[in-house]
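Notes to accompany the following structure.
In the UniProt record's numbering, the protein residues as written are 1 to 414.
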């Protein structure tokens, strides 16, 4: 069965590229997606897929009932864009000023549409059900995953898979990680309130800028001296604003930053340390500090057993050298919330290739992907789904070595 599905996906590659480029030309920001979910729903219905729209607000869920009863597997893609001006010189450049698909979500959507089309055509052979989750608003917390889950997107699901087209991996590489794969993502704002005054009379003031500068340095001591060195953490101050003129001592200073962790105890520890340091540093100068700490997405924790089986299946059907264990990423993903409900794994599909302009990082104004990565991602998702439905492993065994490497595929010119 997998060999036939791979062949069907090969025949769909041109259509996948067309879908992706259509979405790339017409991006929509998180929580403002209207045309995109409508396009997804219409396309799924054209395949004969049962569709539910407005899931959690703007999500789309498709359902393919197999010809025989069995498990239920969910596959997820996201479809929101970013507030970035597209600076690429390509035919499919964004037509929306200041908005672009700079993280590959257009490719994720096109990939899952292709998976839906080939599985719907072979539904009679499926021993179970495949649920297709097209999610809105991944880029902006609180995100779309939780409301979709609350609205029944995972009802009856036994296992879930998702992938991210990843610029940091060469095109065609499949990267997997058991356990923590992506980080907790939190944000903090520290406002220091001192007493402003003339720059020539500092003794009459409480210099919030000086307090803030001290605090920027001391916050780095949290990771260096307070967190267990065997546990990962990042504390970054991204913005520091204070002062209005060269001869005025600032009354207020504002620091904004992010915290990345994996371990929940470390997450709580870092939050407590930020509050303690900010309040103590301000008090030492006679100022006060107000700390706002916002917890964003939880860490992505891949089920070890599901991940191991996925990696084994991919090594069986694909070039084993291109299926690699990758280190955890300090980036964040609300796929975490699906994994808190059902076992599953979130893997990375390499999409980087300087030869076709896919050399810039995610969220860059010239970000692009080698579109052949979509075909590898689609085949990986199909493999994961079929193997999860057919727990005997027979489907994978029958397709050993059948998934062609990306260099055997022709890149579609821009």
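We put the CB at the ideal spot given by N, CA and C, even for glycine.
In whole angstroms, give me the CA-to-CA distance for residue 414 and residue 95. Position 414 of the chain shown, counted from the first residue, corresponds to residue 414. Position 95 of the chain shown, counted from the first residue, corresponds to residue 95. Because the pLDDT at residue 414 is just 42, under 50, the model does not fix this residue reliably, and the value given afterwards should be weighed accordingly. Rounded to whole angstroms, residue 414 to residue 95 spans 16 Å at the Cα level.
Thinking C-beta only, is residue 39 closer than 8 Å to residue 137? Taking the first residue of the chain shown as 1, we reach residue 137 at position 137. Taking the first residue of the chain shown as 1, we reach residue 39 at position 39. Not in contact: residue 137 and residue 39 (Cβ atoms no closer than 8 Å).
Is it buried or exposed, residue 5, if we count other Cβ atoms within 10 angstroms and call 16 or more buried? Against the chain shown, residue 5 aligns to sequence position 5. Classification of residue 5: buried, given that the 10 Å Cβ count is 16 or more.
CA-to-CA distance, residue 37 to residue 392, given in whole angstroms: Start at 1 with the first residue of the chain shown, and residue 392 comes out as number 392. Start at 1 with the first residue of the chain shown, and residue 37 comes out as number 37. The alpha-carbon atoms of residue 392 and residue 37 are separated by roughly 36 Å.
Classify residue 106 as helix, strand or coil using the three-state DSSP reduction. Locating residue 106 in the chain shown gives position 106, counting from the first residue. If DSSP states are grouped into helix, strand and coil, residue 106 belongs with the helices.
Beta-carbon proximity check, residue 66 vs residue 156, cutoff 8 Å: Your numbering for residue 66 matches position 66 in the chain shown. Your numbering for residue 156 matches position 156 in the chain shown. Contact flag unset, no.
Contacting residues, own chain, Cβ-Cβ under 7 Å from residue 98 (five flanking each side not counted): Here residue 98 refers to the residue found at position 98 of the chain shown. Result list for residue 98: 83 and 85, in chain order.
Starting from residue 208, trace the alpha helix (DSSP H) both ways and give me its first and last residue. In the chain shown, the residue the question calls residue 208 occupies position 208. Run containing residue 208: 208-221, per the alpha helix (DSSP H) assignment.
Going by DSSP, what residue range makes up the alpha helix (DSSP H) through residue 416? This structure cannot speak to residue 416, because the chain is shown only from 1 to 414.
Quick one: give me the first and last residue of the beta strand (DSSP E) that residue 347 is part of. Locating residue 347 in the chain shown gives position 347, where the first residue counts as 1. Residue 347 -> beta strand (DSSP E) spans 344-352.
Need the endpoints of the beta strand (DSSP E) that residue 297 sits in, please. The residue given as residue 297 occupies position 297 in the chain shown. Here residue 297 belongs to no beta strand (DSSP E), and DSSP marks it neither H nor E.
Whose CA, out of 406, 200 and 378, lies closest to the CA of residue 132? For the purposes of this step, residue 132 is taken as the residue at position 132 of the chain shown. Closest option to residue 132, Cα to Cα, is 378.
When 105, 2, 327 and 282 are compared against residue 252, the one with the closest alpha-carbon: Here the question's residue 252 lines up with position 252 in the chain shown. Residue 282 is the option with its Cα nearest to residue 252.
Look up residue 376 in the DSSP assignment and say whether it is helix, strand or coil. Translated into the one-based positions of the chain shown, residue 376 becomes position 376. Helix at residue 376.
Strand pairing of residue 31, partner residues [DSSP]: Position 31 of the chain shown, counted from the start, is the residue given in the question as residue 31. DSSP lists no partner for residue 31.
To the nearest angstrom, how far is it from the Cα of residue 107 to the Cα of residue 306? In the chain shown, the residue the question calls residue 107 occupies position 107. In the chain shown, the residue the question calls residue 306 occupies position 306. One C-alpha to the other measures close to 24 Å.
Per-residue burial, residue 27 [other beta carbons within 10 Å of its own, 16 or more giving buried]: Translated into the one-based positions of the chain shown, residue 27 becomes position 27. Classification of residue 27: buried, given that the 10 Å Cβ count is 16 or more.
Among 183, 8 and 12, whose alpha-carbon lies nearest the alpha-carbon of residue 334? The residue you call residue 334 lines up with position 334 of the chain shown. When each option's Cα is compared against that of residue 334, the closest is 183.
Where the alpha helix (DSSP H) through residue 304 begins and ends: The residue you call residue 304 lines up with position 304 of the chain shown. That run of the alpha helix (DSSP H) goes 304-317.
Assign residue 255 to one of two classes, buried (16 or more other C-beta atoms within 10 Å of its C-beta) or exposed (fewer than that). If you number the chain shown from 1, residue 255 lands on position 255. Buried is the call here.
Taking only the alpha-carbon atoms, compute the straight-line gap between residue 179 and residue 331 and give it to the nearest angstrom. The residue given as residue 179 occupies position 179 in the chain shown. The residue given as residue 331 occupies position 331 in the chain shown. Those two C-alpha atoms are separated by around 15 Å.
In this structure, does DSSP put residue 77 in helix, strand or coil? Walking along the chain shown from the start, residue 77 turns up at place 77. Note: residue 77 maps to strand in three-state DSSP.
Beta-ladder partner(s) of residue 239, from DSSP: To locate residue 239, count along the chain shown from 1; it is residue 239. Per DSSP, 256.
Report the rounded CA-to-CA distance for residue 365 versus residue 81, giving the unit in angstroms. Indexing the chain shown from 1 puts residue 365 at position 365. Indexing the chain shown from 1 puts residue 81 at position 81. Distance between the alpha carbons of residue 365 and residue 81 is about 12 Å.
What residue range is occupied by the uninterrupted beta strand (DSSP E) comprising residue 63? By one-based count along the chain shown, residue 63 stands at place 63. It spans 59-65 - the beta strand (DSSP E) in which residue 63 sits, taken as one unbroken run.
Residue 75 versus residue 383: straight-line alpha-carbon distance, rounded: The sequence position of residue 75 within the chain shown is 75, counting from 1. The sequence position of residue 383 within the chain shown is 383, counting from 1. Roughly 11 Å between the two C-alpha positions.
Going by the beta-carbon positions, is the gap between residue 193 and residue 313 smaller than 8 Å? Taking the chain shown and counting its residues from 1, one reaches residue 193 at position 193. Taking the chain shown and counting its residues from 1, one reaches residue 313 at position 313. Cβ distance not < 8 Å, so residue 193 and residue 313 don't count as in contact.
Identify which residue in 344, 354 and 318 has its Cα closest to the Cα of residue 375. On the chain shown, position 375 is the one that residue 375 refers to. Comparing Cα positions, the closest option is 318.
Name, in chain order, the residues that DSSP records as bridge partners for residue 180. Position 180 of the chain shown, counted from the first residue, corresponds to residue 180. According to DSSP, which records beta bridges pairwise, residue 180 is partnered with 301.
From residue 23 to residue 286, what distance separates their C-alpha atoms? Position 23 of the chain shown holds residue 23. Position 286 of the chain shown holds residue 286. Roughly 54 Å between the two C-alpha positions.
Please report the residue range of the beta strand (DSSP E) in which residue 51 lies. The residue labelled residue 51 in the question sits at position 51 within the chain shown. Here the beta strand (DSSP E) through residue 51 covers 50-55.
Can you tell which of 160, 9 and 58 has the C-alpha that lies nearest to the C-alpha of residue 71? Translated into the one-based positions of the chain shown, residue 71 becomes position 71. Here the closest residue by C-alpha is 160.
Straight-line Cα distance separating residue 381 from residue 373: Position 373 of the chain shown, counted from the start, is the residue given in the question as residue 373. Position 381 of the chain shown, counted from the start, is the residue given in the question as residue 381. Straight-line Cα distance between these residues: approximately 12 Å.
Taking DSSP's pairing of strands, which residues face residue 175 in a bridge? By one-based count along the chain shown, residue 175 stands at place 175. Residue 175 is bridged to 324 and 348.
Own chain, CB closer than 6 Å to residue 14, minus 5 neighbours either side, in chain order: Locating residue 14 in the chain shown gives position 14, counting from the first residue. Result list for residue 14: empty, nothing under 6 Å.
DSSP on residue 270, reduced to helix/strand/coil? Counted from its first residue, the chain shown places residue 270 at position 270. Helix, per DSSP.
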